[in-house]
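Residue numbers (full-length UniProt numbering), protein chains in the order written: chain R, 1 to 157; chain E, 1 to 762; chain X, 1 to 287. Some notes on the structure that comes next.
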Amino acid sequence: MSYSFSVNGQEVDIESPGLRPLLSVLRDDLGLLGAKLGCGEGRCGACTVLVDDAPVAACLYPVANADGSDVRTVEGLARHDSELTAVQDALLTHGGVQCGACIPGVVMTLTALLDQDARPEDSEVRSALAGNICRCTGYQKIVDAAMAATETNGDPR
Amino acid sequence: MTVVGTNVRRADGTDKVRGAAIYGMDYTEPGQLVAKVLRSHVPAANIVELDTSKAESMPGVRAVATAADAPGLSGMFFVLKDQSLFARDVIRYVGEPLAAVAADTPEQADAALAAIDVVLEPLEPVLDVEQSLAEGTRLIHPDWETYETLVPGPRDGNLAWEASLERGDADAAFDGADVIIEDEFRTQRQHQTSIEPHAAVARYEHGRYVVHTPTQFPFNVRGRIAELLGARISDVRVIVPTIGGGFGGKLDMMLEPFACILARKTGKPVRIVNTRREEQATCGPREGAVVRLRTAVSSDGTILAQEGRIISDNGANSSGETVACANVASLVLGGTYRIPNARYVSQVAYTNTPPTAAFRGVNGPYCVYAQEMHFDHIARELGMDRRDLRLRNLIRAGDEIVNGQRLDDAFLAQAMDRVERIRPWGPPKEANGTLRGIAVVPLTWITNPGPSGASVKLEEDGTATITCAAAEIGTGAVATGIRQIVADQLGLRFEDVQVSPADTDTGSYDHGAQGSRTTFGMGNAAQDAAVKVRDQLLDVAAGMLEASAADLELADGTVRVQGAPDKQVPLPAVVATAMFSQGPIVASGQFAAPPVPFDAGCMAGALFTSFTAATYHAHFAEVEVDPDTGKVTVSRYVVAQDVGTAINPHMIEGQIQGGVLQGVGYTLFENLRIGDNGDVLDAGLETYRLPTAVDAPHIDIEILENPCPYGPLGAKGAAEPSIVPVAAVIACAVADAIGTPINELPLTPFAVLRALRSKQNE
Amino acid sequence: MSTTVAKNGVHIATSMREAAAMLADLGEAGEAIAGGTWIMRAPDRDVPAHRQYVVLKHVPELFGVSVADSVDIGAMTTHTELGGIEAGPALSGIRQAARESAFPQVRNVATVGGNIRAIGFAEADLVPAMLAARARLELTSPTGTSEEDIGDYLATRHSRPAGELIGRVRVPAPKGRASAFERLTVRATGEYPIVNVAVSVDIDDSVVRDARIAVGSVEPVAKLCVSASQALIGHRLGDSAAVDAAGVEAAGELTSREGLDAPGWYRLAVLPALIRRAIARIDLSSA
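As structure tokens, this is what we get:
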């Protein structure tokens, strides 16, 4: 079957079995290696991408369901020759990155959160991250980064 | 110092947040084949027949590897060589490799594995350490006496290794004691569960194996591959891409030898990546253990003597660190408190289970858990305040610990004091129907003393490059720490110092990213090289500035005369001048930890014998227990940690926060259970529960600076230890909350509710 | 066999009629796929995947929520969408279940229909909430459309006719009805519940006139606890003796699963506390 959708703003046509995970299409067909295959069972969040602006676990997302959708991955946030986004930048300023394998997923989750809610509380940031396992940082500095990114995010409520 | 002590952003960070960093799991080579491993489904059996002929002729199959391709016997750190790459004649655990296949596609590889005929004769599995050591139990390694060892260690049949320590006169002390307390504790396996599974890509070129693998310890992996394959060490080259987490789980070779053999047999690059299930089920976790403690105490709370027996589960062979670290148990039990008379025996037993290995803190977390719960038992028995008991027996500066080593820089009392200032000792406030408890735990911990070599060169543009084979596992030791140290030595900005990728062909030996040692060991080596480079720069510049080298300083990318900043030359000019006078500016540096005096005669079978660059810690926890469900919430956590000198405070805090949360997981729910068939039950992340952002307690952190005379700029190891006292302090706080101790980890809601109910029924 | 679908494939349906026809054609070999979070993990459960799937994402009739005397929910509504619907306290339990289940990446994808349809999914959070709320399912097959109580559907879930699919879920929201949901996990969140409880009550003059307590994750399929529900009737909501009685009755009505996630005894041991908490969570102010 052939499926058409956009990835980071570019239209793609993918010839693939329909139940193939979107993650496999992104990594193996499109060479977008940012999203990681951490567990393959939708529990670690390292493969988080946005489908129509909502974070999803790409390892559990059948490519057939992506047909007609807009998919965004970490590679689509800041082009390689451009500035980092506020979330990406804050993660580095606040020491929120260690091994970094979870970070592409964390970045996508936080990007979606801050798009929806300009000023989330600490507890809302943590709840939003419940599906992103980070084994290194203990999350505090990721949360610190998210809270700092909200400072420059949108208008105050 | 201008760069050291600041929170510079990690040099590898931009690529990581962009998703552009290439991890081991992302690395591929053109024309690569896919490799998969056939693994045993039974825990113990004799192999009657293993026939790969059908598989070899299947479509797309390029090679099949079996035991015949890997003649060597090896073991982690080359301590006890009881491991073959593939099971030979005997299967000893579920998941043990039987054969490996390289094919064009994963489907073809799977089909080939399914076509390998295996005929087995089942044996009775031995799954439990006490059963293993019992009289008359079947020997898991009948040929155990033929195995080579690095040092002679007491061994006997299913007892893979025994380390022991005896000092003073324990028997006399027990005879004179007012009170004798005895306890037994049991702890579970904990899996490292890095987000990145093990992965390797190998090719065979010019008669050498070249393998890309995200390993913490490239030189160990190189040596282990060589030994298992029967190759020359220098005929293996290990190159390290970005590493997606290790925590001890990537110290040893895992998939690399399969990729190497298959690359040689096919002449093509071969890639192999673990599934999450393979990762959880076959990559060695922290070992489960039984700890028995018996302590003689005087009525005023002074510890007179202690006996301890630790039985840890080696699993089916010594491919993990469990044997090498056996004696760490004794040092940890006797390193924080004055225990004048001691007798510890640390036994490592074979079982028909997946081999266990290093996880951050190795056997520390469960030994400290046992010791601290035991101390609370002593306090209860004496009617003494728990903190007072600890302070009474605490190691103070100049005291001897259990191996006879004097800790002149002991800083435990100060760490306890700092915690006290943040959260004064006293009962927690009552609140909304939950049971509340507190505990505080001091700890002495080690910095791994292993050696390092590095070189530093000055580029034509005046920047510096460090060439070394230290692996950046995420701590920032390479991405920030050693760069900061070198930047300060050379008067450079942080961004003017590069580090080459870790490659065993180019970097000198380094003892791996383990035991908090990279900033300490590699930091020392890189500093040594930088000092020599600095001397060369000053020497050349002295001629250029017509000044004495002693009057010069390196700052802001120049060499200048102290006190006369207008008399300066930029580094590129110095490098250019040097080029055709002395030659390019480059120097190598080395580090070996200075010997630490201790009583060598008191230990046997010990590979770790003393504390190098000891660090001192205190952790405090306050918990809430839901009386209806037994669920534990850590409501407050405090850490005071001696780091020697803080090179990058943010990175240190990140290590503390991460280590504490791994400890919370270990204490409350992480449990890699073994089933009746010897298989790992928790092979997925649904029941192998990892802490989420919502489980992370707020942590107050005090970084204490208590410089080490032989650390780089006084730095000691900082990354590993925060996990070590967590189980102890939370378990003691839970016991305080519910009024009864639980002598087994983890403290799941099930375990806590059971304890609460059995207490009610008393 | 098939007239409308090819062998070995995934078929995108664009209408209910087409989806039902495809599923009928496929028979035993076919299954509908909604969000996919359950079916994509079939290999993890060592369950052989069906070979033929009908994708529902492009069936417009399956989307949308309308709120009136009853709340009409398209089967493709995600947990996230369901958690955000504005409806009265009769729907509170469902909303809470939708919000507290799993984590964003799953809630954004996993659907109401999929939650109800997933065979072997003892821990589904929406199912007890729907059970307690007296949800009725609109079922479409090539021969037409029918409506069925969710409890009856669950009882026969293993043997539903091929070609049938859940189109809409209707939840009555009469005045005086209020509901709540409670779940227990080992970690703070982000995993399947050890036990989940939904309670829906009809209140008149401060007295419980009717009640439904549904419990999930204890048995292989969520169950309405009839005796436990009865124990609340005729009492003031939150009457502690009645609540205690409900807890005891519920534990007696259920046979607990042993699981890797929790021992069987534990689910029953905590059940009374969860029922108490769910009841305490019921907000009568707008009922």
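The C-beta atom is built at its ideal place from N, Cα and C for all residues, glycine as well. For clarity, every value in this text was computed on a predicted model and none was experimentally measured.
Inset, instruction - Output yes or no for whether 8 Å exceeds the beta carbon distance between Thr434 of chain E and Ala477 of chain E. - result: no
Legend entry - Residues, ordered as in the chain, of the segment 185-213 of chain X that lie near chain E by beta-carbon distance below 7 Å: Cβ contacts with chain E come from Val186, Arg187, Ala188, Thr189, Gly190, Glu191, Tyr192.
Legend entry - Contacts that Gln657 of chain E makes with chain R (C-beta to C-beta distance below 8 Å): Thr137, Gly138, Tyr139, Gln140, Lys141
Inset, instruction - Run down chain X in chain order and give the residues with a C-beta less than 7 Å from the C-beta of Gly684 of chain E. - result: Asp44
Inset, instruction - Using a Cβ-Cβ cut-off of 8 Å, state whether Glu75 of chain R counts as contacting chain X. - result: no
Inset, instruction - Measure the C-alpha to C-alpha separation of Ala97 of chain X and Pro125 of chain E and round it to an integer number of angstroms. - result: 45 Å
Legend entry - Phe669 of chain E vs Ile446 of chain E beta-carbon contact at 8 Å: no
Inset, instruction - Examine the Cβ distances between the segment 6-15 of chain R and the segment 26-34 of chain R and report whether three or more of them are shorter than 8 Å. - result: yes
Inset, instruction - Mind checking which residues open and close the alpha helix (DSSP H) that includes Phe591 of chain E? - result: Taken as a continuous stretch (DSSP letters only), Phe591 of chain E belongs to no alpha helix (DSSP H), being part of the beta strand (DSSP E) at 586-591.
Inset, instruction - Name the residue from E:Thr213, E:Tyr147, E:Glu624, E:Ala200 whose alpha carbon lies nearest to the alpha carbon of Gly437 of chain E. - result: E:Glu624
Inset, instruction - Could you tell me which chain R residues have their CB closer than 8 Å to the CB of Arg483 of chain E, listed as they occur along the chain? - result: In chain order: nothing, as chain R lies at least about 15 Å away.
Inset, instruction - Count the other C-beta atoms from every protein chain shown that fall within 10 angstroms of the C-beta of Pro156 of chain R, then say buried if there are 16 or more, exposed otherwise. - result: Reliability of the predicted coordinates at Pro156 of chain R is poor, the pLDDT of 42 falling under 50, and no value is obtained from them.
Legend entry - Three-pair Cβ contact test at 8 Å for the segment 54-73 of chain E versus the segment 278-289 of chain E: Contact check between the segment 54-73 of chain E and the segment 278-289 of chain E: fewer than three CB pairs, one atom from each, fall below 8 Å, which does not count as touching.
Inset, instruction - Measure from the alpha carbon of Val273 of chain E to the alpha carbon of each residue in E:Arg396, E:Arg390, E:Asp26, then state which is nearest. - result: E:Asp26
Inset, instruction - Name the two residues that bound the continuous beta strand (DSSP E) containing Val143 of chain R. - result: From DSSP, Val143 of chain R is part of no beta strand (DSSP E) but of the alpha helix (DSSP H) over 140-151.
Legend entry - Separation of Asn403 of chain E from Phe608 of chain E, as counted between CA atoms: 11 Å
Inset, instruction - Please state whether DSSP places Pro62 of chain R in a helix, a strand or coil. - result: strand
Inset, instruction - Measure the alpha-carbon distance for Gln52 of chain X versus Met22 of chain X and round it to whole angstroms. - result: 10 Å
Legend entry - In DSSP terms, what Asn196 of chain X is bridged to: The bridge partners DSSP lists for Asn196 of chain X are X:Arg183, X:Gly216.
Inset, instruction - Report yes or no: is there a C-beta of chain X within less than 8 Å of the C-beta of Pro749 of chain E? - result: By this cut-off, Pro749 of chain E is an interface position.
Legend entry - Three or more C-beta pairs below 8 Å linking the segment 114-131 of chain R and the segment 492-508 of chain E: no
Inset, instruction - Express the C-alpha separation of Arg72 of chain R and Gln10 of chain R in angstroms, rounding to a whole number. - result: 10 Å
Legend entry - Leu747 of chain E classed as buried or exposed, judged by whether at least 16 other C-beta atoms fall within 10 angstroms: buried
Legend entry - Span separating the alpha-carbon of Asp461 of chain E from that of Gly557 of chain E: Note on geometry: alpha-carbon atoms of Asp461 of chain E and Gly557 of chain E lie some 10 Å from one another.
Inset, instruction - Indicate the three-state DSSP secondary structure (helix, strand or coil) for Val17 of chain E in the structure shown. - result: helix
Legend entry - Cβ-Cβ distance between Leu274 of chain X and Val195 of chain X below 8 Å: yes
Inset, instruction - Return the bridge partner residues of Arg177 of chain X from the DSSP annotation. - result: X:Asp202
Legend entry - Sub-8 Å separation of residue 763 of chain E and Ile482 of chain E beta-carbons: In the structure as shown, chain E starts at 1 and stops at 762, and residue 763 of chain E therefore has no counterpart that could be examined.
Legend entry - Leu33 of chain E in three-state terms, based on DSSP: strand
Inset, instruction - Identify the contact partners of Glu41 of chain R in chain X, using a Cβ-Cβ distance below 8 Å as the criterion. - result: Arg41, Asp44
Legend entry - Where the beta strand (DSSP E) containing Ile73 of chain X begins and where it ends: 70-74
Legend entry - Beta carbon proximity, Ala112 of chain R to chain E, threshold 8 Å: Not closer than 8 Å to any Cβ of chain E, the Cβ of Ala112 of chain R fails to qualify, so no.
Legend entry - Close-in-space but distant-in-sequence residues of the same chain around Arg406 of chain E (CB under 6 Å, 5 per side omitted): Glu400
Inset, instruction - State yes or no: is the C-beta of Pro154 of chain E within less than 8 Å of the C-beta of Glu162 of chain E? - result: For Pro154 of chain E and Glu162 of chain E, yes; Cβs fall inside 8 Å.
Legend entry - Of the residues E:Glu762, E:Cys732, E:Val3, the one placed nearest His374 of chain E, counting alpha carbons only: Comparing Cα-Cα distances from His374 of chain E to each of E:Glu762, E:Cys732, E:Val3, the minimum goes to E:Cys732.
Legend entry - C-alpha gap between Ala32 of chain X and Asp72 of chain X, whole angstroms: Spanning the two alpha carbons is a distance of roughly 21 Å.
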